[in-house]
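J.:
There are 2 protein chains.
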Amino acid sequence: MKKDVDKVIIPKPAIVRLSTLYVLLENLEQEGKTKIFSAEIGKLLGVPSHTIRKDISFLRQAGTGNGYEISILKNIIAEYLGFNKYKKACIVGMGRLGNVITTKNGFYSNQYAVIAGFDNNPEKLKSTRTDMDLYPMAKLKEVIERENIKIGIITVPQDSARKVAHDLIDCGIKGIINFSPVLIEINRDDVFIRNIFIAGEFNILSAFISQYEKNKL
Amino acid sequence: MKKDVDKVIIPKPAIVRLSTLYVLLENLEQEGKTKIFSAEIGKLLGVPSHTIRKDISFLRQAGTGNGYEISILKNIIAEYLGFNKYKKACIVGMGRLGNVITTKNGFYSNQYAVIAGFDNNPEKLKSTRTDMDLYPMAKLKEVIERENIKIGIITVPQDSARKVAHDLIDCGIKGIINFSPVLIEINRDDVFIRNIFIAGEFNILSAFISQYEKNKL
DNA sequence: CAACTCCAGTGAATAATTTCACGATATCAC
DNA sequence: GTGATATCGTGAAATTATTCACTGGAGTTG
């Protein structure tokens, strides 16, 4: 009898690695590569090969045992992790950062589409040159519901970030990428937030470097 | 007899949380707040209060037992994690993203200073308006060594990211924040890299949302 | 068609991290 | 000052994640 696949819970760090791996595979595929080994993936992701093998084994879709066919592996990951479900995103805050992020620069996978931008400054709505549709904040709920958008990006200044986050959640957004330099507190376990907290990154590096030097002694 | 404090190894996730917490405390302090409780911190960081208490307890600098004095907690964290050691950073790639990041926007803590910018396009060196000193790539080693910079930010396009990373490491950089949409593979355990991999963030959110819905059933 | 080599897959062991639970200490009210 | 309440600090337990170690399949060579 087959194992109850649906009950296997994948460790969160494994989900993060596999999600990243997916984008990596997209890039490699575009470069013309078709096959890859666990050791190679490991190097690129900065983890040992057995970690990669284990991560992939959580998906319970055993391959042939001799390297991975990139296109197949991509599909297995996307299928299992549900990447095909939520492809639309919106962005709030059409300032300079918002602009940079949504300019197709390789920043986001070609699987996703940021289809709507919001800002409460009418000037910005006019001056911004982009493929997306731009709207004033008042249209937030209407657009998100109409397009069934589940992912939101926050690139507004500090003082409005929290309000925007809660507005997005009220409109049905389930995942947020927050670039504002403010941590956003949410009380619901059905909404996920990824904070891109650049100021913190300096400290993290500083700490790791110091820890390394301390332990070296 | 006192415990051998120096031998206590802090879990990596705790280091990351404490590093983030530090920036948070800086912000709260600027807003005029002087005291904070573990439950409050927990909400802001999105983790339970006992995790925060445990994280802080790794520092072995017990407080009074009734909330934390923000200024004191800040000092304890900075001291223990060595934040005071490496305050200078440089950035390679003065394109639009590089500009946005280095514009004092609250993106980086006021503790750090991005003091030098590099680009191999002479036009960019002239046209960019900034407080930093700007240099051509040829000056990389000279400047990094002269200023004893240990942290580098990469905001160059995809195709040069890997080379830039290795150049930085050759110049003595020990910590890298990589914004390019390429994962950088390094083989040294004395160099730390933080990939801000936006394309991956979409997948991660997508996966968490799907996982949540799957487990809900 | 062996024999050999190279990898993936995975259950089990180990290690790392988080959570728990409770004693200790500060604060406040009266 | 005493009691009531709130909060921290931390060793130990529980949970979660990683690493190990071995099996078996696929490709390759002569």
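Sequence order for the protein chains is G and A. Sequential numbering from 340 applies to the first sequence in this note's numbering. Sequential numbering from 340 applies to the second sequence in this note's numbering. Glycine included, every Cβ here is placed at the ideal spot set by N, Cα and C. Remember, predicted model here, so these are calculated numbers, not experimental data.
1. Using a Cβ-Cβ cut-off of less than 9 Å, give me the residues of the region 532–551 of chain A that come near chain G, in sequence order.
2. Taking the Cβ atom as the reference point for each residue, do C554 of chain G and F422 of chain A lie within a distance shorter than 8 Å?
3. Should I375 of chain A go down as buried or exposed, given a rule of 16 or more other Cβ atoms within 10 Å for buried?
4. When every heavy atom of the ligand MG is checked, does at least one fall within less than 7 Å of the C-beta of M433 of chain G?
5. Would you report the Cα separation of M471 of chain A and F518 of chain A, rounded to the nearest angstrom?
6. Assuming T373 of chain A and E408 of chain A form a contact by the criterion Cβ under 8 Å, report the distance between their Cβ atoms to the nearest whole angstrom.
7. Please decide whether V355 of chain G counts as near chain A, where near means a Cβ-Cβ distance under 8 Å.
8. Below 9 Å between beta carbons is the criterion; list the residues of the region 378–390 of chain G that meet it against any residue of chain A, in chain order.
9. Determine, using beta carbons only, whether L384 of chain G and G514 of chain A come nearer to each other than 8 Å.
10. What's the gap between the Cα of N449 of chain G and the Cα of I440 of chain A?
11. Report the three-state DSSP secondary structure of L473 of chain A (helix, strand or coil).
12. Assign N526 of chain A to one of two classes, buried (16 or more other C-beta atoms within 10 Å of its C-beta) or exposed (fewer than that).
13. Taking DSSP's pairing of strands, which residues face C429 of chain A in a bridge?
14. Can you list the residues of chain A that A428 of chain G reaches, using a CB-CB cut of under 8 Å?
15. For the region 491–498 of chain G and the region 460–474 of chain G, state whether three or more C-beta atom pairs, one from each stretch, are separated by less than 8 Å.
16. Starting from the C-beta of F397 of chain G, find all residues in its chain whose C-beta is less than 7 Å away, skip the five residues before and the five after it, and write them out in chain order.
17. Output yes if chain A places a C-beta closer than 8 Å to the C-beta of G514 of chain G; else output no.
18. Taking N534 of chain A as part of the beta strand (DSSP E), name the residues at either end of that continuous run.
19. How many angstroms separate the CA atom of D528 of chain G from the CA atom of V355 of chain A?
T.: Taking the geometry as given:
1. Cβ contacts with chain G: I532, R533, N534, I535, F536, I537, A538, G539, E540, F541, N542, I543, L544, S545, A546, F547, I548, S549, Q550, Y551.
2. According to the sequence provided, residue 554 of chain G is Asn. The question's Cys does not apply to it. At the C-beta level, N554 of chain G and F422 of chain A stay beyond 8 Å of one another.
3. Result: buried.
4. Of the ligands one can find in the structure shown there are none, so the ligand MG has no counterpart to examine.
5. Roughly 19 Å between the two C-alpha positions.
6. Right, the Cβ-Cβ distance comes to about 7 Å (below 8 Å), so this counts as a contact.
7. Taking 8 Å as the threshold, the shortest C-beta distance from V355 of chain G to chain A falls below it.
8. Within the region 378–390 of chain G, the qualifying residues are K382, L383, L384, G385.
9. For the pair L384 of chain G and G514 of chain A, the CB atoms are not nearer than the 8 Å cut-off.
10. Roughly 24 Å separates the two Cα atoms.
11. Three-state DSSP puts L473 of chain A in a strand.
12. By the neighbour-count rule (16 or more Cβ atoms within 10 Å), N526 of chain A is not buried but exposed.
13. Note: C429 of chain A sits in a beta bridge opposite A:A455, A:G491.
14. The contacting residues are F541.
15. Touching, no, given that fewer than three Cβ pairs across the two stretches are closer than 8 Å.
16. Closer than 7 Å at the Cβ level, and outside the excluded window around F397 of chain G, lie V347, I349, A353.
17. Residue-level contact by beta carbon holds for G514 of chain G and chain A, with a gap shorter than 8 Å.
18. Looking at the DSSP string, the run of the beta strand (DSSP E) that includes N534 of chain A is 531–534.
19. Cα to Cα, D528 of chain G sits roughly 22 Å from V355 of chain A.
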